[in-house]
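Worksheet: the structure to be examined is printed underneath.
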């Protein structure tokens with residue numbers, strides 16, 4: 001009996017017991033499907049984050065006062081805060097285009113009954129050139145609005161649509177500090193924020209809002225002249241390392257504390273987020289991969305039952321001259337066929353489910369060929385490994401003993 005005949009016989013036997021064959025594959029299907037599902041969604045999340053990231057910010061440095069100092073005002077002197085004068089001086093550095101302060105107001109309630117919150121960011125005259133906000137619809141603040149502190153606002157589109165319906169541009173939205181009256185703002189621009197669709201899909205109700213510096217001063221009753229954080233725009237992305245060194249040298253003139261100021265490129269934040277997503281995906285995939293092994297054990301158990309059920313068949317085949325290696329080959333091939341088919345179904349099932357979940361989360365899953373091939377190879381090897389023991393048990397049966405048991 002040649003290999004083709006053994007394969008044909010194996011397929012016929014599996015088709016004779018369709019339900020048992022399917023149940024045998026179920027563990028492999030779930031294991032492979034889980035790995036493909038998680039890897040596809042993880043890759044989709046990563047692609048979405050990178051697509052949402054504003055590439056104009058790749059040349060921007062985030063300069064902050066170290067939290068261990070900013071959290072305790074007794075540890076930092078007035079002159080060590082970054083001032084408007086510092087911002088002007090930094091803007092004149094040879095490799096710096098512009099610098100602008102970063103101010104975040106205290107928590108504000110958005111449309112009180114909706115349980116949405118915002119920590120509005122505040123922009124000044126240089127902020128547009130530094131931050132290059134991704135405005136999908138509408139416009140940025142005018143110089144007049146900057147000067148007068150008009151009650152106008154930029155808000156991320158996903159939140160605006162969620163709160164005000166499909167056409168929120170030009171509509172009014174109410175914000176309220178915990179210690180002030182309600183203030184109504186007109187939406188003049190809709191922005192795109194990194195991962196906003198994903199975060200709202202997971203129930204995040206934080207609204208990304210932007211006000212002018214003058215508006216913030218009128219609301220808070222204080223004038224902003226010193227800052228814990230500023231953004232610095234290098235002249236180009238390739239200049240960012242040297243620009244960072246220039247800013248570091250300037251800040252050394254303000255303080256002798258070597259760890260007072262932290263400077264890092266904004267693009268590192270996106271890289272950190274995608275790195276965390278990758279680690280989480282790998283961890284979950286490792287757990288899911290265990291189910292492939294469990295599925296392999298299930299395959300072995302079913303094949304052992306199959307050996308018991310087919311004692312007569314094995315005895316007759318050996319009585320008419322079948323060799324041990326042919327018996328072993330048939331059972332191993334049956335197991336490999338089961339795990340290969342189970343792996344293919346698992347890949348199809350996992351990716352189909354990821355597409356469905358992707359629709360809900362508003363992301364497009366990415367099928368990673370390396371992961372798919374690895375999962376497929378693992379399922380095949382699992383079939384080979386867990387098929388050996390049942391196959392050897394079948395080959396051990398003597399024809400006389402097998403026929404006598406029947």
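Numbering (the working numbering), first residue to last: 1 to 406.
Ideal Cβ positions, reconstructed from N, Cα and C, are used throughout, including at glycine.
Please read all numbers here as calculations on a predicted model, not as lab measurements.
DSSP-derived helix/strand/coil call for residue i
| i | result |
| --- | --- |
| residue 366 | coil |
| residue 172 | strand |
| residue 106 | coil |
| residue 17 | coil |
| residue 301 | helix |
| residue 79 | helix |
| residue 212 | strand |
| residue 157 | helix |
| residue 224 | coil |
| residue 390 | helix |
| residue 244 | helix |
| residue 384 | helix |
| residue 218 | helix |
Rounded separation between residue i and residue j - CA only
| i | j | result |
| --- | --- | --- |
| residue 79 | residue 46 | 41 Å |
| residue 124 | residue 162 | 28 Å |
| residue 260 | residue 66 | 5 Å |
| residue 64 | residue 81 | 10 Å |
| residue 216 | residue 41 | 40 Å |
| residue 137 | residue 171 | 13 Å |
| residue 319 | residue 4 | 21 Å |
| residue 282 | residue 291 | 15 Å |
| residue 374 | residue 279 | 18 Å |
| residue 128 | residue 340 | 56 Å |
| residue 187 | residue 133 | 15 Å |
| residue 191 | residue 263 | 26 Å |
| residue 57 | residue 267 | 7 Å |
| residue 337 | residue 48 | 37 Å |
| residue 168 | residue 154 | 11 Å |
| residue 372 | residue 322 | 38 Å |
Which residues DSSP lists as bridging residue i, in chain order
| i | result |
| --- | --- |
| residue 164 | None, per the DSSP bridge assignment. |
| residue 138 | 189 |
| residue 261 | 65 |
| residue 234 | 96 |
| residue 183 | 175 |
| residue 229 | 64 |
| residue 152 | 186 |
| residue 101 | 230 |
| residue 378 | DSSP, once it has assigned bridges, lists no residue as partnering residue 378. |
| residue 123 | 212 |
Local Cβ density within 10 Å of residue i, reported as buried at 16 or more and exposed below that
| i | result |
| --- | --- |
| residue 119 | exposed |
| residue 51 | exposed |
| residue 94 | exposed |
| residue 86 | buried |
| residue 23 | exposed |
| residue 139 | exposed |
| residue 143 | exposed |
| residue 231 | buried |
| residue 12 | exposed |
| residue 294 | exposed |
| residue 258 | exposed |
| residue 330 | buried |
| residue 104 | exposed |
| residue 193 | buried |
| residue 361 | buried |
| residue 305 | exposed |
| residue 327 | buried |
| residue 377 | exposed |
CB contact below 8 Å: residue i versus chain C
| i | result |
| --- | --- |
| residue 104 | Here there is only one protein chain, and chain C is not present. |
In chain order, what are the residue ranges of uninterrupted alpha helix (DSSP H) at least 4 long that sit wholly in the stretch 304-359? Complete alpha helix (DSSP H) runs here, min 4: 311-319.
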